[in-house]
Amino acid sequence: MSMLAGPITQDEEVARLRREYDASFAQAGAPKSDALVEMIGLRVGAARYAVRRREVAAIVALSRVVPVPGMHDGVLGITHVRGHVVAVCDLGARLGAQSAPNERRFLMLSGEEPSLGFSFDELTGLLRVTEDALRTDSATASSEASTTSRTSTLLHLDGAVLPVIDLAALVAEAKRPLSQAQHAQKET
Numbered sequence: 081m082s083m084l085a086g087p088i089t090q091d092e093e094v095a096r097l098r099r100e101y102d103a104s105f106a107q108a109g110a111p112k113s114d115a116l117v118e119m120i121g122l123r124v125g126a127a128r129y130a131v132r133r134r135e136v137a138a139i140v141a142l143s144r145v146v147p148v149p150g151m152h153d154g155v156l157g158i159t160h161v162r163g164h165v166v167a168v169c170d171l172g173a174r175l176g177a178q179s180a181p182n183e184r185r186f187l188m189l190s191g192e193e194p195s196l197g198f199s200f201d202e203l204t205g206l207l208r209v210t211e212d213a214l215r216t217d218s219a220t221a222s223s224e225a226s227t228t229s230r231t232s233t234l235l236h237l238d239g240a241v242l243p244v245i246d247l248a249a250l251v252a253e254a255k256r257p258l259s260q261a262q263h264a265q266k267e268t
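According to my numbering, the sequence shown is numbered sequentially starting from 81.
Okay, structure coming up:
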């Protein structure tokens, strides 16, 4: 896991993680263990999480978020990413983690739904772990570290236990109220 030494700017942190991400593709021809899973480490408030890298289309610095009247809880507003309007959901609110509004620095986009992103506080690194470090048995799924169905898998890493975010489940859950609101508007 990559550790950050001293204060760095948001642009430096994004550049470092982009280099790590790009370097992983440069090593594609090298023999790899089939048992390795690439994860992205992140922080929301005081809580640390991981998400499978294959589920993430992009992580970008969070720019200005414009509030939209009438949005449901957990949606902060909209922002502009690479020429597209993206609804910004508060990842902390979705996972039950407290996040200070002024600390949301990044936006995670799913490959499944590019018009929906999740804000979070800090990127902690690119992790390469073995499959056996991921546990989904009933004992770990019901533990204190795993509080929702969106984090039923746990990553055991150097004595720490990180809930693994199920990005597809998170996207489906976030889209449900949006779809219901659109349906209600059509009926009126």
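Where a beta carbon is used, it is the ideal one built from N, C-alpha and C, also for glycine. In this text, all values refer to a predicted model and were calculated from it rather than measured experimentally.
Sequence-distant residues of the same chain with beta carbon closer than 6 angstroms to residue i, five excluded per side
i: A130; result: M119, G121, L235, L242, V244
i: T233; result: L214, T216, V244
Identity of the residues DSSP links to residue i by a beta bridge
i: A141; result: F186
i: D170; result: S199
i: P87; result: Answer is none; P87 lacks a bridge partner.
i: P243; result: L234
i: Y129; result: L122
i: L50; result: The requested residue 50 does not occur in the structure, where the chain is confined to residues 81 to 268.
i: L214; result: L235
i: V52; result: The displayed coordinates of the chain run from 81 to 268. Any statement about residue 52 would go beyond what the structure contains.
Same chain only: Cβ atoms within 7 angstroms of residue i, ignoring 5 sequence neighbours per side
i: A127; result: A177
i: V148; result: G157, I158
i: D201; result: R123, V124, G125, S179, E183, R184, R185
Coil, strand or helix - residue i by DSSP
i: V155; result: strand
i: E118; result: strand
i: A252; result: helix
i: R134; result: helix
i: R148; result: It should be noted that the sequence gives Val, not Arg, for residue 148. In this structure, V148 counts as coil in the three-state DSSP scheme.
i: E224; result: Residue placement at E224 is flagged as unreliable, the pLDDT there being 44, under the threshold of 50; the coordinate-derived value follows with that caveat. Three-state result, E224: coil.
Residue i vs residue j beta-carbon contact at 7 angstroms
i: V168; j: V145; result: yes
i: G197; j: V166; result: yes
i: E100; j: L206; result: yes
i: M188; j: I158; result: no
i: R184; j: L142; result: yes
i: L250; j: R162; result: no
i: E92; j: L203; result: no
i: A115; j: E193; result: no
i: D170; j: G154; result: yes
Contact test: residue i Cβ vs the ligand COA heavy atom, cutoff 6 angstroms
i: L247; result: The ligand content of the structure shown is nil, which means the ligand COA is not present either.
Beta-carbon proximity list for residue i, same chain, < 8 angstroms, skipping 5 on both sides
i: A248; result: E135, S190, E192
i: R230; result: R174, L175, I245, D246, A249, L250, E253
i: H164; result: P194, S195
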